[in-house]
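*Asks:* I'd like to ask some things about the structure below.
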Amino acid sequence: MNTRDTTPSQTLDVDAALATLESALAPLVAADPDAVMIGIETGGAWIAERLHAHFALAAPLGSLNISFYRDDFSTIGLHPSVGPSRIDADIDGKTVILVDDVLYTGRTVRAALNELFDYGRPAAVKLAVLVDRGARELPFAPDAVGMQLDIADGERIKLTGPEPLCLVMQ
């Protein structure tokens, strides 16, 4: 019996989504040029690297490894690989732009906020996502979106990379 997934893959235009996300983030960055950008590993960190370079932010780019804060290992079959987060900027009283690749249930964002507040108390946290696929389980909404998709429950979208970045829907 063949148990291999035979669902056809579709590659989406990551460059167009990234350009749209940059445009959506531009007013947020203009309003607070001292904002601290932090990417959620792994895909969010790859996107954050590109955004950080595009906006030439002064504060160093940070990354969060949220493995320790996940609450859904048993339901989605993740094997935690707890690694270090890296936030070299002081986030107390600052605007933090939290970047992720795909926003789905909201559980990744919840875990990231738990980790982030271990580093300080930001004045505000703005959420930037490359893809918003809807179907939230927790009440989170992005402040900036590169692409919005309505995807059936059985379908998946994944960012691969870092070079080249590729969005694949199965």
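This note's numbering applies: residue 318 is where the sequence shown begins, and numbers increase by one.
Note that beta-carbon positions come from the ideal geometry of N, C-alpha and C, so glycine has one too.
What separation, rounded to the nearest whole angstrom, lies between the Cα atoms of LEU292 and GLY356?
*Replies:* Absent from the structure is residue 292, since the part of the chain shown begins at 318 and ends at 487.
*Asks:* What number of angstroms, rounded off, separates the C-alpha of VAL426 from the C-alpha of PRO439?
*Replies:* A straight-line Cα-Cα distance of about 15 Å links VAL426 and PRO439.
*Asks:* Checking the sheet assignment: what are the DSSP bridge partners for ALA445?
*Replies:* VAL416, ALA461
*Asks:* Please identify the residue among VAL448, SER402, LEU476 whose C-alpha is closest to the C-alpha of GLY423.
*Replies:* Selection VAL448, SER402, LEU476 evaluated against GLY423 yields VAL448 as nearest (Cα-Cα).
*Asks:* For GLU472, count neighbouring Cβ atoms within 10 angstroms of its own Cβ and tell me buried if that reaches 16, exposed if not.
*Replies:* exposed
*Asks:* Identify which residue in GLU339, SER380, GLY400 has its Cα closest to the Cα of ASP460.
*Replies:* GLU339
*Asks:* Among the residues of its own chain, which have a CB less than 8 Å from the CB of ASP322, if the five just before and after it don't count?
*Replies:* Below a pLDDT of 50, predicted positions are generally treated as unreliable, and ASP322, at 42, falls in that range; the measurement from the model is reported next regardless. Counting only Cβ-Cβ distances below 8 Å, and skipping sequence neighbours, we find GLN487.
*Asks:* The alpha helix (DSSP H) spanning ILE364 covers which residue range?
*Replies:* 360-372
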